[in-house]
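Numbering (the numbering used here), first residue to last: 28 to 529.
Input: a single structure, listed below in structure tokens.
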Ligand code: BES
Ligand code: MN
Ligand code: ZN
């Protein structure tokens with residue numbers, strides 16, 4: 028992560044690159060104007076001779092200033108008065124992408140005090156978040172990278188009004204933790220399926236123990252003893268060293284008597300579909316099928332680093348869905364941890380099986396106040412919402428409202444979808460059937476999960492379309508590879524809805 032600092036705005040003192048802002052009709056903000064004055068009007072002249080309109084997404088570069096070494100990036104905002112927190116985040120992404128293209132090492136962002144509907148502090152935080160999201164790289168397997176291609180950005184200062192400096196500085200205290208969590212999630216999702224296996228996730232969790240998180244890993248022997256046949260059966264086709272793991276992490280940042288809240292992630296490390304094998308074209312992106320578990324891991328790291336005053340249990344149900352002589356068959360009937368019998372209509376509807384046992388176990392053992400699961404659960408949700416929104420399914424309006432609000436603030440947007448028993452797959456010989464189809468399939472998955480959450484207030488986030496940008500024409504945040512979806516959303520949700528704890 029690059030280093031960031033907050034400084035009082037002074038047009039005479041900035042790093043080699045100054046980022047300034049313009050609104051509609053290319054009108055410069057006050058700080059931008061004083062920057063232009065320092066450069067003798069060259070910036071305004073350059074803008075006049077261009078197509079630049081000051082709209083969102085536009086970033087104009089004026090290079091070669093002050094005898095060559097200085098540079099100004101003019102970032103378009105559109106309507107300044109309507110700027111919300113997430114708009115600043117999106118502009119941070121615009122700036123970050125340009126910084127990466129240009130290979131810059133440092134920049135001063137001249138923010139000033141006009142931030143539209145957002146406070147200066149929130150705007151600064153969101154800008155830096157966007158910058159960080161845009162500058163993330165996963166290049167560790169590129170052994171032939173040339174120096175000119177390497178990541179360069181090291182340092183950014185945000186310039187604000189002198190009297191706002193200390194407040195803004197304080198507001199940024201949790202940013203590093205948030206971004207470290209987001210990076211961890213993106214790394215886990217980006218890692219190839221020959222490396223990111225169930226035990227790799229367990230090892231990763233154990234590394235978090237250093238941050239004060241209690242970690243328990245249930246291996247296949249323990250899972251067998253507990254009767255967690257659904258998760259075991261999904262992973263049965265994998266080799267012995269790739270057998271399922273249920274990872275349970277506990278972070279206690281609030282008082283002991285504050286009830287824990289649970290977040291459970293789908294960790295299908297790779298989803299071939301099993302005997303209901305996925306065709307070519309549908310299988311390639313399936314390393315992302317552990318993005319729910321990846322988000323839980325990153326969330327726990329972020330909470331611990333931020334020292335959030337919340338009590339949270341994070342669980343990851345990890346298994347590999349492959350074909351072999353040990354793999355499960357369509358029409359198998361399994362007895363779940365909860366006791367319900369499950370008929371396998373389709374071995375490719377494996378995520379709900381892994382989650383069903385994970386959810387039931389966490390509820391049974393930990394009795395959380397409420398539970399949210401995250402899963403790349405259905406292609407149907409991806410068809411419905413594309414790469415812009417995740418599906419939100421909940422029987423609890425309070426949870427749903429709070430999650431929707433967090434989605435708006437963080438830009439990890441959610442759209443509420445129905446959880447209605449009318450969508451349930453019809454079982455023939457058992458209590459429930461895991462199948463679904465293209466029509467309303469996201470709700471069929473949700474209805475299945477609801478059975479295993481029982482009376483516990485519950486919400487399900489289907490992140491199939493937003494977890495990995497491959498294969499999506501308009502991906503979430505337009506970033507490459509894994510997006511880290513869920514971490515920023517849930518940090519916001521947990522910190523803001525854990526009443527009286529913050
Ligand atoms: N992991 C997939 C869902 C998925 C699809 C995630 C695309 C990310 C991108 C899930 O396990 C799956 O295969 N779902 C089936 C369910 C069906 C067999 C009931 C689907 O969506 O087709
Ligand atoms: Mn599947
Ligand atoms: Zn899957």
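We treat Cβ as the ideally placed atom computed from N, Cα and C, and that holds for glycine.
- If you look at residue 209, you'll find it in the alpha helix (DSSP H) that goes 202–217.
- Within the same chain, and ignoring the five residues on either side of residue 368 in sequence, the residues whose Cβ sits closer than 8 Å to its Cβ are 360, 361, 362, 457, 458, 459.
- With fewer than 16 other Cβ atoms from the protein chains shown falling within 10 Å of its own Cβ, residue 497 counts as exposed.
- In this structure, residue 398 has its beta carbon at no less than 7 Å from each heavy atom of ligand 1.
- Contact between residue 220 and residue 314 holds: CB atoms are separated by about 5 Å, below the 8 Å threshold.
- Per DSSP, residue 408 is one residue of the alpha helix (DSSP H) stretching across 406–412.
- In the three-state reduction of the DSSP assignment, residue 285 falls in the coil class.
- By the 16-neighbour rule on beta-carbons within 10 angstroms, residue 419 is buried.
- With respect to residue 382, residue 477 sits apart: the two C-beta atoms are not nearer than 8 Å.
- For residue 389, the CB contacts under 8 Å within the same chain, skipping 5 residues up- and downstream, are 275, 289, 291, 340, 342, 395, 398 in chain order.
- Put simply, the region 139–148 touches the region 100–120. At least three CB pairs are less than 8 Å apart.
- For residue 304, the CB contacts under 7 Å within the same chain, skipping 5 residues up- and downstream, are 350 in chain order.
- Contact annotation: residue 475 and residue 461 have beta-carbon atoms nearer than 8 Å.
- Restricting attention to alpha helix (DSSP H) runs no shorter than 4 residues, the region 415–466 encloses them at 424–437, ordered along the chain.
- Distances taken from the Cβ of residue 373 to the heavy atoms of ligand 1 include one shorter than 7 Å.
- Nearest to residue 49 by C-alpha distance, out of 77, 433, 311, 83, is 83.
- Around residue 63, the same chain offers 70, 71 as residues with beta carbons nearer than 6 Å, after the five sequence neighbours per side are excluded.
- Rounded to the nearest angstrom, the Cβ distance from residue 155 to residue 185 is 7 Å, consistent with a contact under 8 Å.
- Shown here for residue 97: same chain residues with a beta carbon closer than 6 Å to its own, the five before and five after excluded, namely 43 in chain order.
- Between residue 447 and residue 472, the beta carbon gap of about 13 Å keeps them out of contact (Cβ cut-off 8 Å).
- When DSSP states are grouped into helix, strand and coil, residue 111 belongs to the coil group.
- Distance from the CA of residue 513 to the CA of residue 400, rounded to the nearest whole angstrom, comes to 10 Å.
- Sequence-distant Cβ neighbours of residue 483 in its own chain, meaning closer than 6 Å and more than five residues away, are 390, 398.
- Inter-residue distance for residue 253 and residue 379 is about 19 Å (C-alpha atoms, whole angstroms).
- Taking the C-beta atoms as reference points, residue 353 is found nearer than 8 Å to residue 264.
- In terms of CA proximity to residue 256, 387 leads the group 387, 318, 81.
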